[in-house]
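For the record, the sequence lines run as chains X and C.
Going by our numbering, the first sequence opens with residue 42, and the numbers climb by one from there.
Going by our numbering, the second sequence opens with residue 5, and the numbers climb by one from there.
Heads up, the beta-carbon is just placed ideally off N, CA and C, and yes, glycines get one too.
Here the structure is a predicted model, which is why all the values come from computation and not from measurement.
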Amino acid sequence: MRRQRHVDVLVVGAGPAGLAAAARLSASGAGTVEVLEREARAGGVPRHCRHRGFGRWGVTGPQYAENLVEAALGVGAAVRTGVTATGWDGPLSLDTTGPHGLERITARAVLLATGARERPRTARLVPGTRPAGVFTTGELQQAIHLYGQEIGGRAVVVGAEPVSYEALSALRRAGVRVAALVTEETRAQVGRARATTARLGIAGVPLVTGAVVAELLGRGRLSGVRLRHHDGRQAVLACDTVVFTGDFIPDHELARRGGVSLDPGTRGPAVDGSFRTASPGIFAVGNGVHAAEPARVAAGEGERVAESVGAWLEDAAWPAQAVSLLADAPLRWVAPNRLAPNTPVPRFVLRTTEPLFRPVLEVTQNGRRLHSERVRRRVLPNQGVYLAGGWVGGVDAEGEAVRVAVG
Amino acid sequence: MTVTTRGPLPSEPYDVTVVGAGVVGCAIARELAGHHPLRIALVEASGDVGDGTSKANTAILHTGFDAVPGSLEARLVREGRRLLAAYAAESGIPVEPVGALLVAWDEEQLAALPSLLKKAEANDYHEARIIGAAEVRSGEPHLGEGALGALEVPGESIICPWTTTLAYATQAVRAGVDLHLNCKVEEVSAPPQPDVPGHHEQPDIPGHHELTTPRGVIRTRHLINAAGLHADALDQLVLGRGEFTVTPRRGQLIVFDKLARDLVNHILLPVPTALGKGVLVSPTVYGNVLLGPTAEDLDDKTATATTRDGLAGLRAKGRRILPSLLDEEVTAVYAGLRAATEHDDYQIHSTPEMRYITVGGIRSTGLTASMAIAEYVVGLLADAAGPDLDLTVAGNLDPVRMPNLGESFPRPYQRADLIATDSAYGSIVCHCERVTRGEIRDALISTVPPGSLDGLRRRTRARGGRCQGFYCGAAVRELFEGWGGSGAAR
Ligand SMILES: Cc1cc2nc3c(=O)[nH]c(=O)nc-3n(C[C@H](O)[C@H](O)[C@H](O)COP(=O)(O)OP(=O)(O)OC[C@H]3O[C@@H](n4cnc5c(N)ncnc54)[C@H](O)[C@@H]3O)c2cc1C
Ligand SMILES: Cc1cc2nc3c(=O)[nH]c(=O)nc-3n(C[C@H](O)[C@H](O)[C@H](O)COP(=O)(O)OP(=O)(O)OC[C@H]3O[C@@H](n4cnc5c(N)ncnc54)[C@H](O)[C@@H]3O)c2cc1C
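Have a look at this one:
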């Protein structure tokens, strides 16, 4: 037996995106706003990011999360923790499980803010044994910061992007020696200062570039990783811990189970500039639509989506159609990725699979150039590339997909 | 109820000791326990039951349609399937009768179908039939281009291998079997040999087998070798000879995300041809899709690592069978070792004068056949032991009810009734697999509790999903360690 309930706006996920949206929606009088969070505590990923660098004031992740929760509660949004949205019963009806039982909640608008995870070793198809001591940053941070668990003695970190350096600092805090950071790329994908500090700091950690972890070794417990360099050389690095960082993927299960169309590049729900998906009444924001951007970007989207949710609650108007925006290789993805009529997009965010030096981004439709823009710096994989949105008014709503490519 | 993981072993001799707590050894222990209040030990090298080949297979409950007609394997698979299907239904082990299609991708494979059909008939399986390309396509809309036809085997089913082994072990332990884990048999001193060579009826020879393990010595009158990949080595220890050599044949597998489950309706089996066996695509009872296995003859009995070539090869083959499968995320990769021998059949041999039975060469059908193997082995034991062991009185095995790990039956998180009685079943800890705190707690205090996080995964699925612990890993570990790690209950 499911308890049936109705709310005006149901937000799935109490991370920065969902909480910011709920706060703004409640404050703007959108009616009953309820946030479902499957974890015991609201806040999303920042809950377990002990380091500073969230929001604008150098606050730590947990403080940032706490502020967002307070803000949402303060204006009357309901934040229900320990409750999972498990599936759909109708276009805007979600089934939930929590310690108080099963519910079926029907809303006038549903906002998916389910975030993203890092691909684990298995999804990266890293061969070898299946020993203990294999982590993602998410698990590592929780183990260290939420539970104070024992990690290991000597670790290898896979990746050299911001999140990899966060894994590094968590490991250090836990007293784990770090043997190396290993990246397939030719250089670290963080600022020079950060990379240098890690390399030359007190417990200098070498950065191995142009190499992949080709095999995990050891039975029971990890004993080492075999590295394969781009030139074919192989080497074994002894370690009892390996952390696979980055390689984010949206947690898109709920979206897919609800038949919400995904973007082939981001693998998250395809959204337009107002964060509307192709399914009327369903919105999506945060790392669920672009994995992964900083928390403040996710929260910013939460604030902006409030307005479009409000408009939908008012006039129930949904774009009948939208043109897809596709990223051509070597671009990996672009978001937003649906272009709906009369829907401005402040800016687009992109990722590349290859390093690009001051690339020119070209936007075309039906062979016609809509926009061209030079990025005034080098861009590396895993780094955000941004594209202005002023050109979207020129899109032919009846035309074929718009493409963004490197010119 | 006794499960030991460390410390000294009982000095009193056992009537029967089974070495190896895989699906076969556990089934034998259970079958024995159901007969008579004998003193029985089940001795396992690893820290958990079902930690060898039995945890890493393709989880199909076979009909035996393609076995070698007239072989012992053919008979035991056929009987075993019937027995296990009934037992599973009774014990809450998930089984889904999805049926299989052996898809022919070229003329040679198509031409092989009629002889496979004949073989099925010879194995007393009469529901198989050959279907045309159009029917194949309507049954499997996502299949790759070029399927020419198929042999349909509606009786092939998928099953949960983990709870099967665990159910046997649980019932055995509850019925009084002593399960000794972390107890590798390293040496065996045999009972005194009979004086007269060839004289087999020696039920009253005194003495016991003495099994040396790192935890001490186990004495037993009768010994059953269910050591899987190491059955030949144990034969050497006991008999100084053996009828077979085990060559591990590795099978690597890829488990795809649950979101791939709707891509496939049947078990898609390869048509065996001269060029080899090919790989299968199969749904699992957990709602995932399996691709594999490879078949690599090795000589290292511990080589359960996956390889780059192996995984790449599987993906290439999978792309042909079910192209869209490759677009889905991979949840897990693993490898299991089949206990292949130089023979084309199970190697089950009784050596009555030694009060010893070898159960070896249970290569790729042991899960299915396990209960029938157990019946057969207990029959051999009764013959060999004669009045020495009274196996005529059937004892009472209390029925066992396993936690449901299958997606086609209600899971605790979906059950309002259960959550109403205990809110821990409404508290989801592992989000990808929807495993609740209640289930994890139950596993940790169960009759045969897990000795590791992997053991907990096999009992609950916790941490076994697409995120592999990104969300829940630390929380699950906290619950596990909160219970004292390797089983405070013990
Ligand atoms: C390891 C790591 C380190 C990072 N470090 C930084 C940093 O230093 N600075 C920075 O600015 N950003 C950082 N980020 C990025 C930042 O955490 C994200 O941008 C931000 O958390 C995204 O917010 P979100 O709301 O989209 O998703 P999340 O924070 O992931 O929140 C999603 C929430 O939805 C919940 N949820 C999902 N599905 C369901 C469901 N079916 N039912 C109920 N609830 C559900 C989840 O439990 C989760 O709480 C980091 C990210 C990671 C992974
Ligand atoms: C890739 C693959 C796919 C398969 N697919 C299927 C399928 O779909 N359906 C099916 O029915 N079957 C299948 N099988 C076969 C099935 O898994 C096996 O037949 C079955 O698991 C064998 O069980 P077992 O108990 O004999 O061996 P194991 O599970 O290996 O158990 C033997 C146990 O003995 C222990 N041991 C060994 N030596 C000692 C010692 N000296 N002292 C103490 N303990 C010892 C080991 O630690 C081990 O736990 C498959 C096998 C593989 C590898």
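Exercise. Does the beta-carbon distance from R158 of chain X to D292 of chain X come in below 8 Å?
Worked result: Against the first sequence, residue 158 of chain X aligns to sequence position 117. Against the first sequence, residue 292 of chain X aligns to sequence position 251. Yes. Within cutoff.
Problem set entry | C434 of chain C, enclosing beta strand (DSSP E) - first and last residue | Against the second sequence, residue 434 of chain C aligns to sequence position 430. Under the DSSP assignment, C434 of chain C falls in the beta strand (DSSP E) whose first and last residues are 432-434.
Problem set entry | S374 of chain C in three-state terms, based on DSSP | Translated into positions along the second sequence, residue 374 of chain C becomes position 370. In this structure, S374 of chain C counts as helix in the three-state DSSP scheme.
Exercise. Between which two residues does the beta strand (DSSP E) carrying A221 of chain X extend?
Worked result: As a working mapping, residue 221 of chain X is identified with position 180 in the first sequence. Counting along the chain, the beta strand (DSSP E) containing A221 of chain X begins and ends at 218-223.
For this session: Take I146 of chain X as the anchor and find which of X:G131, X:I192, X:T155 has the nearest alpha-carbon.
Result: Locating residue 146 of chain X in the first sequence gives position 105, counting from the first residue. I146 of chain X has its Cα closest to that of X:G131, out of X:G131, X:I192, X:T155.
Exercise. Between the beta-carbon of L384 of chain C and the beta-carbon of S431 of chain C, is there less than 8 Å?
Worked result: Within the second sequence, the letter at position 380 stands for residue 384 of chain C. Within the second sequence, the letter at position 427 stands for residue 431 of chain C. Cβ distance not < 8 Å, so L384 of chain C and S431 of chain C don't count as in contact.
Exercise. Along chain C, in chain order, which residues have C-beta atoms closer than 7 Å to that of R171 of chain X?
Worked result: The residue labelled residue 171 of chain X in the question sits at position 130 within the first sequence. Contact annotation for R171 of chain X against chain C: Y338 [CB-CB distance below 7 Å, chain order].
For this session: Find the residues of chain X that neighbour F474 of chain C, judging by a C-beta separation of less than 7 Å, and give them in chain order.
Result: Residue numbering aside, residue 474 of chain C sits at position 470 when the second sequence is read from its first letter. Going along chain X in sequence order, the residues near F474 of chain C (Cβ under 7 Å) are R158, E159, P161, T177, G179, E180.
Exercise. Candidates C:G296, C:R253, C:T335: which alpha carbon is nearest A307 of chain C's?
Worked result: Residue mapping note: residue 307 of chain C aligns to position 303 of the second sequence, counting from 1. Closest by alpha carbon: C:R253.
Problem set entry | Neighbourhood of S142 of chain C by C-beta, 6 Å cutoff - its chain only, sequence neighbours within 5 removed | The residue labelled residue 142 of chain C in the question sits at position 138 within the second sequence. In its own chain, leaving out the 5 sequence neighbours on each side, no residue places its CB closer than 6 Å to the CB of S142 of chain C.
Problem set entry | Within the region 142-223 of chain X, ranges of the beta strand (DSSP E) (whole runs, at least 3 residues) | Listed in chain order, the complete beta strand (DSSP E) runs (minimum 3 residues) inside the region 142-223 of chain X are 142-153, 157-159, 175-177, 195-199, 218-223.
Exercise. Roughly how many angstroms lie between the CA atoms of A154 of chain X and L409 of chain C, to the nearest whole one?
Worked result: Your numbering for residue 154 of chain X matches position 113 in the first sequence. Your numbering for residue 409 of chain C matches position 405 in the second sequence. Their backbone Cα atoms lie some 29 Å apart in a straight line.
Problem set entry | Near-chain X residues of the region 458-488 of chain C - C-beta to any C-beta below 9 Å | Listed by position along the chain: D458, R470, C471, Q472, G473, F474, Y475, C476, G477, A478, A479, R481, E482, E485.
Exercise. Would you report the Cα separation of G430 of chain X and L303 of chain X, rounded to the nearest angstrom?
Worked result: Translated into positions along the first sequence, residue 430 of chain X becomes position 389. Translated into positions along the first sequence, residue 303 of chain X becomes position 262. Taking the straight line from one Cα to the other gives about 21 Å.
For this session: Specify the secondary structure class of V140 of chain C as computed by DSSP and reduced to three states.
Result: Mapped onto the second sequence, residue 140 of chain C falls at position 136. In the structure shown, V140 of chain C falls within a helical segment according to DSSP collapsed to helix, strand and coil.
For this session: Only counting runs of 3 or more residues, tell me where the beta strand (DSSP E) segments fall wholly within the region 260-346 of chain X, in order along the chain.
Result: The beta strand (DSSP E) runs lying completely inside the region 260-346 of chain X and spanning 3 residues or more are 265-270, 275-279, 282-285, 289-291, 323-325, given in chain order.
Exercise. Which class does G214 of chain C belong to by DSSP, given the choice of helix, strand or coil?
Worked result: Here residue 214 of chain C is taken as the residue at index 210 of the second sequence, counted from 1. Looking at the sequence provided, one finds Glu at residue 214 of chain C rather than Gly. E214 of chain C falls in the strand class under three-state DSSP.
Exercise. Taking Cβ to Cβ, would you say L183 of chain C is nearer than 8 Å to A173 of chain C?
Worked result: Counting from 1 along the second sequence, the entry for residue 183 of chain C is found at position 179. Counting from 1 along the second sequence, the entry for residue 173 of chain C is found at position 169. In this structure, A173 of chain C lies closer than 8 Å to L183 of chain C by Cβ.
Exercise. Is it the case that the CB of L371 of chain C approaches a heavy atom of ligand 2 more closely than 7 Å?
Worked result: Start at 1 with the first residue of the second sequence, and residue 371 of chain C comes out as number 367. Checking every heavy atom of ligand 2 against the Cβ of L371 of chain C, one is found closer than 7 Å.
Problem set entry | Distance CB(V223 of chain X)-CB(V254 of chain X) smaller than 8 Å | Indexing the first sequence from 1 puts residue 223 of chain X at position 182. Indexing the first sequence from 1 puts residue 254 of chain X at position 213. In terms of Cβ geometry, V223 of chain X and V254 of chain X form a close pair [threshold 8 Å].
For this session: Report whether the distance from the Cβ of T384 of chain X to the nearest heavy atom of ligand 4 is below 7 Å.
Result: Questions concerning ligand 4 fall outside what the structure shown contains, since the ligands it does hold are ligand 1 and ligand 2.
For this session: Specify whether the region 226-237 of chain C and the region 310-318 of chain C touch according to this definition: at least 3 beta carbon pairs, one from each stretch, less than 8 Å apart.
Result: Judged by Cβ distances under 8 Å, the region 226-237 of chain C makes no contact with the region 310-318 of chain C, as fewer than three pairs qualify.
Problem set entry | Option in C:R445, C:R463, C:P276, C:I222 with minimal Cα separation from K123 of chain C | Within the second sequence, the letter at position 119 stands for residue 123 of chain C. Ranking the options by Cα distance to K123 of chain C, first place goes to C:P276.
For this session: Step through the CB atoms of chain C and report whether any lies within less than 8 Å of the CB of R260 of chain X.
Result: In the first sequence, the residue the question calls residue 260 of chain X occupies position 219. Yes, contact with chain C.
For this session: For F95 of chain X, verify whether its CB is less than 7 Å away from any heavy atom of ligand 1.
Result: Here residue 95 of chain X refers to the residue found at position 54 when the first sequence is read from its first residue. Placement of the Cβ of F95 of chain X at a distance of less than 7 Å from at least one heavy atom of ligand 1 is found.
For this session: From the DSSP output, in three-state form, read off F484 of chain C for me.
Result: Position 480 of the second sequence, counting from 1, holds the residue named residue 484 of chain C. Residue state, collapsed to three classes: helix.
Exercise. Measuring CA to CA, which of C:V480, C:T369, C:A171, C:A316 is closest to R85 of chain C?
Worked result: Sequence index remark: in the second sequence, residue 85 of chain C carries index 81 (1-based). Looking at the Cα atoms, C:T369 is the closest of the given residues.
Problem set entry | Distance between V426 of chain X and V284 of chain X (C-alpha atoms, nearest Å) | Reading the first sequence from its first residue, position 243 is the one you call residue 284 of chain X. Reading the first sequence from its first residue, position 385 is the one you call residue 426 of chain X. Whole-angstrom Cα-Cα distance: 26 Å.
Exercise. Going by other Cβ atoms of all chains shown within 10 Å of its Cβ, with 16 needed for buried, is Q175 of chain C buried or exposed?
Worked result: Residue mapping note: residue 175 of chain C aligns to position 171 of the second sequence, counting from 1. Around the CB of Q175 of chain C, 16 or more other CB atoms lie within 10 Å, so the residue is classed as buried.
Exercise. Does the beta-carbon of V397 of chain C have 16 or more other beta-carbons within 10 angstroms, so that it is buried, or is it exposed?
Worked result: Position 393 of the second sequence, counted from the start, is the residue given in the question as residue 397 of chain C. Exposed, by the Cβ-count rule.
Exercise. Per DSSP, D360 of chain C forms a beta bridge with which residues?
Worked result: Counted from its first residue, the second sequence places residue 360 of chain C at position 356. Going by the sequence as given, residue 360 of chain C is Tyr instead of Asp. C:L227, C:T355.
Exercise. On the three-state DSSP scale, how would you describe P87 of chain X?
Worked result: Your numbering for residue 87 of chain X matches position 46 in the first sequence. In the structure shown, P87 of chain X sits in a helix (DSSP, three-state: H, G or I).
For this session: State the DSSP-derived secondary structure class of D199 of chain C, mapped to helix, strand or coil.
Result: Here residue 199 of chain C is taken as the residue at index 195 of the second sequence, counted from 1. In this prediction, D199 of chain C has a pLDDT of 48, which is less than 50 and means its spatial position is unreliable; what the coordinates show is noted afterwards. If DSSP states are grouped into helix, strand and coil, D199 of chain C belongs with coil.
Problem set entry | Cβ shell of V386 of chain X (< 6 Å), same chain only, five flanking positions each side left out | Counted from its first residue, the first sequence places residue 386 of chain X at position 345. Cβ neighbours of V386 of chain X beyond the five flanking positions: G314, P377, G430, V433.
Problem set entry | Cβ-heavy atom distance, Q256 of chain C to ligand 1, below 7 Å | Within the second sequence, residue 256 of chain C is the residue found at index 252, counting from 1. No.
For this session: Inspect the CB distances between the region 233-249 of chain C and the region 372-386 of chain C and report whether three or more fall short of 8 Å.
Result: Segments in contact, no.
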